[in-house]
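For the sequence shown, the numbering used here begins at 37 and goes up steadily by one.
Glycine included, each C-beta is placed from N, C-alpha and C at the ideal position.
Since this is a predicted model, take the numbers as computed values, not measurements.
Take a look at the structure below.
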Amino acid sequence: MPCAAVYVDELVYEQLLAVAHRSGGQECCGLLLGRAPDRVEEIMISRNIAEEPERHFEILPQDLIAAEKEMRRGGRLLLGYYHSHPVGEAVPSPTDAVLSAGDGRIWAIIAGATVRLWRNEPGGTLHDMFTEITCHVGVPASDET
Ligand SMILES: [Zn+2]
37 MPCAAVYVDE
47 LVYEQLLAVA
57 HRSGGQECCG
67 LLLGRAPDRV
77 EEIMISRNIA
87 EEPERHFEIL
97 PQDLIAAEKE
107 MRRGGRLLLG
117 YYHSHPVGEA
127 VPSPTDAVLS
137 AGDGRIWAII
147 AGATVRLWRN
157 EPGGTLHDMF
167 TEITCHVGVP
177 ASDET
């Protein structure tokens with residue numbers, strides 16, 4: 037079952053803002069990893085190999101393959117992907133919809149000081165490929181000690 041809310045560890049949230057800021061006018065991108073489907077615990081910073089990194093992103097395929105392999109071997113789950121929008125809002129663009137796989141994974145989009153989470157809907161049409169997910173910064177209450 038897809039989760040309507042996802043927890044993002046505070047350090048991860050800060051890291052997302054930092055990598056987006058560092059990449060300046062270019063879109064940064066990478067992977068969201070964790071051990072439960074509703075909790076992003078780590079990111080894997082990838083390289084944007086798109087021809088126009090100012091306007092588009094494409095995650096280095098080797099990084100995707102490595103994450104898929106790790107998951108198949110029982111390691112961390114590949115929960116989704118992140119990228120930044122150097123201009124505009126943290127909302128999926130029409131290009132994002134075209135390029136998305138409809139795999140049900142999470143898309144984190146960073147713009148300015150904001151990170152928003154979206155579910156890439158399986159079987160969505162071009163206009164409803166993404167549904168926003170509530171983003172909780174921190175850990176689930178049951179995990180707090
Ligand atoms: Zn985008």
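> Does the stretch 96-108 come close enough to the stretch 141-158 to have 3 or more Cβ pairs within less than 8 Å?
Replying inline: Taking 8 Å as the limit for Cβ pairs, the verdict is that the stretch 141-158 does not touch the stretch 96-108.
> So is H163 buried or exposed if we call it buried at 16+ other beta carbons inside 10 Å?
Replying inline: Position 127 of the sequence shown, counted from the start, is the residue given in the question as residue 163. H163 comes out exposed.
>> Helix, strand or coil for E170? Go by DSSP, reduced to three states.
In response: In the sequence shown, the residue the question calls residue 170 occupies position 134. What sits at residue 170 in the sequence shown is Thr, not Glu. In the three-state reduction of the DSSP assignment, T170 falls in the strand class.
> Expressed to the nearest angstrom, what Euclidean distance is found between the alpha-carbon atoms of Y43 and P130?
Replying inline: The sequence position of residue 43 within the sequence shown is 7, counting from 1. The sequence position of residue 130 within the sequence shown is 94, counting from 1. Roughly 26 Å separates the two Cα atoms.
> Can you tell me whether DSSP reads S120 as helix, strand or coil?
Replying inline: Working through the sequence shown from its first residue, we reach residue 120 at position 84. Residue state, collapsed to three classes: strand.
> According to DSSP, is A102 helix, strand or coil?
Replying inline: To locate residue 102, count along the sequence shown from 1; it is residue 66. A102 carries a helical assignment under DSSP once its states are collapsed to helix, strand and coil.
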